[in-house]
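*Asks:*
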Amino acid sequence: MMLEDYLRESKVYYREIPTPAELQDRIAAAYRSFRPETAGEMRVLRWIAVSAASMFAVFVILLNSSPVFARSTHGIPVVGDIAQVFTFRADFKQDPGQTLTVREPKISGLKNNANQNQINLLIQTKVETAQKMLEERSEQEREAFLQTGGKAEDYIPAKSSITYSIKCSDTKMLSFVLDITWDRAQSSLEQVFYNLDPNTGAALTLENLLGRDYKTVVDDSIRKQMEERTAQHSDWMYFTGSDGFQGIRQDQKFYVNADGKVVVVFDKYEIAPGFMGPQEFIISAVRPSGASSAG
983 MMLEDYLRES
993 KVYYREIPTP
1003 AELQDRIAAA
1013 YRSFRPETAG
1023 EMRVLRWIAV
1033 SAASMFAVFV
1043 ILLNSSPVFA
1053 RSTHGIPVVG
1063 DIAQVFTFRA
1073 DFKQDPGQTL
1083 TVREPKISGL
1093 KNNANQNQIN
1103 LLIQTKVETA
1113 QKMLEERSEQ
1123 EREAFLQTGG
1133 KAEDYIPAKS
1143 SITYSIKCSD
1153 TKMLSFVLDI
1163 TWDRAQSSLE
1173 QVFYNLDPNT
1183 GAALTLENLL
1193 GRDYKTVVDD
1203 SIRKQMEERT
1213 AQHSDWMYFT
1223 GSDGFQGIRQ
1233 DQKFYVNADG
1243 KVVVVFDKYE
1253 IAPGFMGPQE
1263 FIISAVRPSG
1273 ASSAG
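Structure below.
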């Protein structure tokens, strides 16, 4: 069943792949510059435009489904940011203890090769460590179930995954998140956020993006949004006192969304009851007046 879900998810992903604006603009420019004199020439031109968009979709699908193809494209010049983040390794495992889906990302195209290699090594190490942890946990939970009298045929395998999602990708920002999930009797989610200068690979901080007063700006915004949310939802609440929000941490989790806005993230149970899940707060546009630039 999980394999069917995996294939269905891949089909949806394929259908939702957008053609980059840069490629669309080039196709449109070529279309305008050519004045077909016959109906046959018009049909040929339309076929070329459709084929170009289709070839791009196939290229992205191969990057995200074939590790061999992904590795073979390393170092090949590409249009815009097509291959900035791609699936280097895709894996699906199913055993009596769990079904595990893995999509390991890598980054490509940074001008600083040393930084790029270091970041990719950190990602690879994190994915491998997480996969080992999930496999060990599935074995331990199934073994504990059997040792306490449970029958093998009654055991419900865990559904776990290591995947990623791109939050923002342009000439100034590369922001993506690695999601490590476990779902059985209890569910858990670990997120690792990567916010990088796409040219140098330097990690971008909240101070880089929001300026020297970032902590005051973020803390005030979060407190205001918490008040607004509890006013709108009578069953919502945030922890108070020493268990409540005390201000953002030095290593606060965040990403930059597609609109170029900082989104601060708190884990499930961190500042609110578990039924509210992870909490996200949109702060402001990136690089307001006075913000410092990444080194």
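Counting from 983, one number per residue, gives the positions in the sequence shown under our numbering. Glycine residues also receive a C-beta, built at the ideal position from the N, C-alpha and C atoms. Bear in mind the structure is a predicted one, so any value in this text is a computation, not a measurement.
Can you look up ARG1166 in the DSSP assignment and give me helix, strand or coil?
*Replies:* coil
*Asks:* Is the number of C-beta pairs between the stretch 1117-1131 and the stretch 1180-1196 that are closer than 8 Å three or more?
*Replies:* no
*Asks:* Can you name, in chain order, every residue of its own chain whose Cβ lies under 7 Å from the Cβ of ALA1112, other than the five neighbours on each side?
*Replies:* ILE1144 and ILE1162
*Asks:* Using a 10 Å radius around the Cβ and a threshold of 16 neighbouring Cβ atoms, would you call LYS1114 buried or exposed?
*Replies:* exposed
*Asks:* According to the neighbour-count rule (16 or more other Cβ atoms, all chains shown, within 10 Å of its Cβ), is TYR1251 buried or exposed?
*Replies:* Around the beta-carbon of TYR1251, fewer than 16 other beta-carbon atoms lie within 10 Å, marking it exposed.
*Asks:* Are the beta-carbon atoms belonging to GLN1234 and VAL1200 less than 9 Å from one another?
*Replies:* yes
*Asks:* Would you identify the three-state DSSP class for TYR1146, choosing helix, strand or coil?
*Replies:* strand
*Asks:* Does the Cβ of GLN1281 have 16 or more other Cβ atoms within 10 Å, making it buried, or fewer, making it exposed?
*Replies:* This structure cannot settle anything about residue 1281, because the visible part of the chain is limited to 983 through 1277.
*Asks:* With C-beta atoms as the reference, is VAL1245 less than 9 Å away from ILE1230?
*Replies:* VAL1245 places its beta carbon 9 Å or farther from that of ILE1230.
*Asks:* Note down, in chain order, each residue of its chain lying with its Cβ closer than 8 Å to the Cβ of GLN1214, except the 5 sequence neighbours on either side.
*Replies:* none
*Asks:* Is there contact here, the stretch 1121-1135 with the stretch 1081-1094, by at least three beta-carbon pairs under 8 Å?
*Replies:* no
*Asks:* In this structure, does DSSP put ASP1241 in helix, strand or coil?
*Replies:* coil
*Asks:* If GLY1149 sits next to TYR1237, beta carbons under 8 Å apart, how far is it from one beta carbon to the other, in whole angstroms?
*Replies:* A quick correction: the sequence has Lys, not Gly, at residue 1149. Right, their Cβ atoms sit about 4 Å apart.
*Asks:* Should ARG1166 and ALA1140 be called a contact, given that it needs their Cβ atoms to be closer than 9 Å?
*Replies:* yes
*Asks:* GLN1261 to PRO1078, Cα distance in whole Å?
*Replies:* 34 Å
*Asks:* Note down the Cα distance separating GLU1209 from LYS1154, rounded to an integer number of angstroms.
*Replies:* Between GLU1209 and LYS1154, the alpha-carbon positions lie close to 33 Å from each other.
*Asks:* Are GLN1066 and LEU1160 close, meaning C-beta to C-beta below 9 Å?
*Replies:* no
*Asks:* Quick check: THR1083 and PHE1070, are their CB atoms within less than 9 Å of each other?
*Replies:* no
*Asks:* Grouping DSSP H, G and I as helix and E and B as strand, with all else coil, what is GLU1189?
*Replies:* helix
*Asks:* What residue does the alpha helix (DSSP H) around GLU1209 start on, and which one ends it?
*Replies:* 1196-1214
*Asks:* What are the start and end residues of the alpha helix (DSSP H) that includes PHE1227?
*Replies:* Segment: none, PHE1227 is in no alpha helix (DSSP H) and carries neither H nor E.
*Asks:* Mind checking whether the beta-carbon of TYR1196 lies closer than 8 Å to any heavy atom of the ligand FAD?
*Replies:* With respect to small molecules bound, the structure shown includes none, and the ligand FAD cannot be examined in it.
*Asks:* Could you have a look at PHE1221 and say whether DSSP puts it in helix, strand or coil?
*Replies:* coil
*Asks:* Who does GLN1261 pair with in a DSSP beta bridge?
*Replies:* PHE1248
*Asks:* If I follow the unbroken beta strand (DSSP E) through LYS1075, where does it start and stop?
*Replies:* Counting along the chain, the beta strand (DSSP E) containing LYS1075 begins and ends at 1067-1077.
*Asks:* Identify the continuous beta strand (DSSP E) that holds LEU1082 and give its terminal residues.
*Replies:* For LEU1082, the enclosing beta strand (DSSP E) has its first and last residue at 1080-1089.
*Asks:* In its own chain, which residues sit with a C-beta less than 7 Å from the C-beta of GLN1207, not counting the 5 before and 5 after it?
*Replies:* Same-chain partners within the cutoff: PHE1263.
*Asks:* Who does VAL1174 pair with in a DSSP beta bridge?
*Replies:* LEU1160
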